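Chemist: I have a structure I would like to understand better, so I am pasting it below and will then ask my questions one at a time.
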Amino acid sequence: MYERSRTVVRCAVGQTEEFNVEVGLHQGSALSPFLFAIVMDQLSEEVRQESPWTMMFADDIVICSESREQVEENLERWRFALERRGMKVSRSKNEYMCVNEREGSGTVRLQDEEVKKVQEFKYLGSTVQSNGECGKELQGAWVFTKLDLRSAYNLVRIRKGDEWKTAIHTMHGHYEYCVMPFGLTNAPAVFQALINEVFRDLLGRGVIAYIDDILVYSASMEDHVRQVREVLARLQRHHLFVKLEKCEFHRATVTFLGYVISRQGVEMDIDKVRAVTEWSAPATI
Numbered sequence: 000m001y002e003r004s005r006t007v008v009r010c011a012v013g014q015t016e017e018f019n020v021e022v023g024l025h026q027g028s029a030l031s032p033f034l035f036a037i038v039m040d041q042l043s044e045e046v047r048q049e050s051p052w053t054m055m056f057a058d059d060i061v062i063c064s065e066s067r068e069q070v071e072e073n074l075e076r077w078r079f080a081l082e083r084r085g086m087k088v089s090r091s092k093n094e095y096m097c098v099n100e101r102e103g104s105g106t107v108r109l110q111d112e113e114v115k116k117v118q119e120f121k122y123l124g125s126t127v128q129s130n131g132e133c134g135k136e137l138q139g140a141w142v143f144t145k146l147d148l149r150s151a152y153n154l155v156r157i158r159k160g161d162e163w164k165t166a167i168h169t170m171h172g173h174y175e176y177c178v179m180p181f182g183l184t185n186a187p188a189v190f191q192a193l194i195n196e197v198f199r200d201l202l203g204r205g206v207i208a209y210i211d212d213i214l215v216y217s218a219s220m221e222d223h224v225r226q227v228r229e230v231l232a233r234l235q236r237h238h239l240f241v242k243l244e245k246c247e248f249h250r251a252t253v254t255f256l257g258y259v260i261s262r263q264g265v266e267m268d269i270d271k272v273r274a275v276t277e278w279s280a281p282a283t284i
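Every letter in the sequence shown is one number past the one before it in numbering that gives the first Met the number 0, and letter 64, counting from 1, is 63.
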């Protein structure tokens, strides 16, 4: 796939010489999803330009359009592009959903085969509903634990031999990172891929994880204690550490990613919108 492909890396001290692109999908379980995402990004570059309202992560693709006809057209475009490169669209897992539907009844077809219609579907651990709302998995939960990882990106080791790509120049000399630094272009994607791999079977089932922020939610204290212990055990097993002073355990209300989450639902954190809500009305022109 990447045979005879070459690239360069730009770093703080300049640009490297060209080197061969080597991508192996089995070089490490933590990075496999990210590596496959790179492959898919390369294969789908042309079709994504023709179908701009598309979300894609690895083998999960969400196509958004304003009508069923446009969905069918874009779906066929993706099918052709993938099959031309030796890949196939799964017929058994395809789903479509109308958000705030106003068109009445109708179907979406792929090569004369009807695509299953649903009222909600899951994408990357989140539930998207036909009324346009997300986060249904939090319904019924009333006890929450929030975890924050310490030094997040620094917990990932730079592959041996690649340290020179992170070289920096200071007044005291030249230095290289041995761990993934903050500010590296692909650091968020690599770390999110690692977290997704660690909690893959728990995401959307009691756990929400966004980079170094983790939320554990449950409908009973007994389940919650068990889930928190499982999350902490996995973090310990993968040598990931939490910042205790920023963690909150067994709370009825928590603030997470700018939202206040409780049994009553999800609301915006008032501190995040205070500047707008208290904005003085213009008195002059």
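Built from N, CA and C at the ideal position, the CB exists for glycine as well. Since we're looking at a predicted model, the values are computed, not measured.
Measure the beta-carbon distance from R149 to V241 and round it to whole angstroms, keeping in mind my assumption that it falls under 8 Å.
Modeler: To locate residue 149, count along the sequence shown from 1; it is residue 150. To locate residue 241, count along the sequence shown from 1; it is residue 242. Contact flag correct, Cβ pair sits at about 6 Å.
Chemist: At the level of alpha carbons, what is the spacing between G131 and M96?
Modeler: Along the sequence shown, read from residue 1 onward, the residue named residue 131 stands at position 132. Along the sequence shown, read from residue 1 onward, the residue named residue 96 stands at position 97. For G131, the predicted model reports a pLDDT of 47, less than 50, meaning its position is unreliable; a value from the coordinates is still stated below. Cα to Cα, the separation comes out at about 10 Å.
Chemist: Helix, strand or coil for M96 per DSSP?
Modeler: As a first step, residue 96 is located in the sequence shown; it is residue number 97 there, counting from the start. M96 falls in the coil class under three-state DSSP.
Chemist: Look at the alpha carbon of T283 and the alpha carbon of I269, and state the distance between them as a whole number of angstroms.
Modeler: The sequence position of residue 283 within the sequence shown is 284, counting from 1. The sequence position of residue 269 within the sequence shown is 270, counting from 1. So the alpha carbons of these two residues sit roughly 28 Å apart.
Chemist: Distance, Cα to Cα, I213 vs R273?
Modeler: The residue given as residue 213 occupies position 214 in the sequence shown. The residue given as residue 273 occupies position 274 in the sequence shown. If I take the Cα positions, the gap works out to 25 Å.
Chemist: In the structure shown, what three-state DSSP assignment does D212 receive?
Modeler: Translated into positions along the sequence shown, residue 212 becomes position 213. D212: strand per DSSP, three-state reduction.
Chemist: Do you know whose CA, among I37, V197 and W141, lies nearest Y216's CA?
Modeler: As a working mapping, residue 216 is identified with position 217 in the sequence shown. Selected option, being the one with the closest Cα: W141.
Chemist: Locate the alpha helix (DSSP H) running through I62, then write down its first and last residues.
Modeler: Here residue 62 is taken as the residue at index 63 of the sequence shown, counted from 1. Segment D59 to I62 is the beta strand (DSSP E) holding I62; no alpha helix (DSSP H) there.
Chemist: Buried or exposed, going by whether 16 or more other CB atoms sit within 10 Å of the CB of V155?
Modeler: As a working note, residue 155 is residue 156 in the sequence shown. Answer is buried; the Cβ neighbour count reaches 16.
Chemist: So E303 and K145 are supposed to be a Cβ contact under 8 Å. How far apart are they, rounded?
Modeler: Past the boundaries of the shown model lies residue 303; the chain is included only from 0 to 284, so the question cannot be answered.
Chemist: Considering only residues of the same chain and omitting the five flanking positions on each side of L30, which have a CB-CB separation below 8 Å?
Modeler: Within the sequence shown, residue 30 is the residue found at index 31, counting from 1. Reliability fails at L30, whose pLDDT of 47 lies under 50, so the model's placement of it is uncertain and no value is given.
Chemist: Can you tell me where the beta strand (DSSP E) with L148 in it begins and where it stops?
Modeler: Stepping through the sequence shown from its first residue, residue 148 is reached at position 149. Note, L148: premise wrong, no beta strand (DSSP E); not H, not E.
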